[in-house]
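Novice: Residue numbers (our numbering): 588 to 744.
Note that CB positions come from ideal geometry on N, CA and C, so glycine has one too.
Since this is a predicted model, take the numbers as computed values, not measurements.
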Amino acid sequence: MMTQDDTVQKDFESTKADVKAAAEDLRDDARGAARHMRSEAEKIAGDQANAARQRVADEVGSLGGALRKAARDLEAGTIQEQAMSRVAEGIADLSDNIATADLRQGVDDMAGYARRQPVAFLGAAALLGFAGARFLKASDHTPSRADDLSEDWPEYS
Numbered sequence: 588m589m590t591q592d593d594t595v596q597k598d599f600e601s602t603k604a605d606v607k608a609a610a611e612d613l614r615d616d617a618r619g620a621a622r623h624m625r626s627e628a629e630k631i632a633g634d635q636a637n638a639a640r641q642r643v644a645d646e647v648g649s650l651g652g653a654l655r656k657a658a659r660d661l662e663a664g665t666i667q668e669q670a671m672s673r674v675a676e677g678i679a680d681l682s683d684n685i686a687t688a689d690l691r692q693g694v695d696d697m698a699g700y701a702r703r704q705p706v707a708f709l710g711a712a713a714l715l716g717f718a719g720a721r722f723l724k725a726s727d728h729t730p731s732r733a734d735d736l737s738e739d740w741p742e743y744s
């Protein structure tokens, strides 16, 4: 004959097993959801990285095209024309590498390119720096100091 304590103990063990099973199911569901969320986040990040990579490749490619045009405008055979052509070639290669490689591979490739073609890499870096400075200067809408003075004292303008 089962006593009341035995019944309570049996109910307790049964409830304990049910809670444990529910907790394991919940843990498995949470792990599955976390894996799915991580997979989705990786996909979104990869898509955004690819879009950014393509934009960079396009910008670098247009810089290479501008350099090719500038090289054609120089006198053929001069040192300047040869240097400009070499930099343009290197930038075109870099643009192709950026467009076709994944992001991590692209960083490694860029470092390798800088070691193999230091003149082209430094030339491209300098040109990008000049272009960036020019862009920032062109987008600055604050009046110069001389303009401020001429507004305050029109007789001195």
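Between the stretch 687-699 and the stretch 653-668, can you find at least three pairs of beta-carbon atoms closer than 8 Å?
Specialist: The stretch 653-668 is not in contact with the stretch 687-699.
Novice: What is the DSSP secondary structure of Y689, reduced to helix, strand or coil?
Specialist: Along the sequence shown, one-based indexing puts residue 689 at 102. It is worth fixing the name first, because residue 689 is Asp in this sequence and not Tyr. D689 falls in the coil class under three-state DSSP.
Novice: Roughly how many angstroms separate the alpha carbons of M671 and E646, rounded to a whole number?
Specialist: For the purposes of this step, residue 671 is taken as the residue at position 84 of the sequence shown. For the purposes of this step, residue 646 is taken as the residue at position 59 of the sequence shown. Cα to Cα, the separation comes out at about 18 Å.
Novice: Quick one, which of Q692, A663 and R702 has its alpha-carbon nearest G677's?
Specialist: The residue you call residue 677 lines up with position 90 of the sequence shown. Of the listed residues, the one whose Cα sits closest to G677 is R702.
Novice: Verify whether the separation of the beta carbon atoms of A679 and G651 is less than 8 Å.
Specialist: Position 92 of the sequence shown, counting from 1, holds the residue named residue 679. Position 64 of the sequence shown, counting from 1, holds the residue named residue 651. Closer than 8 Å, so yes.
Novice: Hey, A686 and L654 are a contact pair by Cβ (cut 8 Å); roughly how many whole angstroms apart?
Specialist: In the sequence shown, residue 686 corresponds to position 99, counting from 1. In the sequence shown, residue 654 corresponds to position 67, counting from 1. With a Cβ gap of about 17 Å, A686 and L654 do not count as contacting.
Novice: Please report the straight-line C-alpha distance between T665 and F717, rounded to a whole angstrom.
Specialist: If you number the sequence shown from 1, residue 665 lands on position 78. If you number the sequence shown from 1, residue 717 lands on position 130. Roughly 23 Å between the two C-alpha positions.
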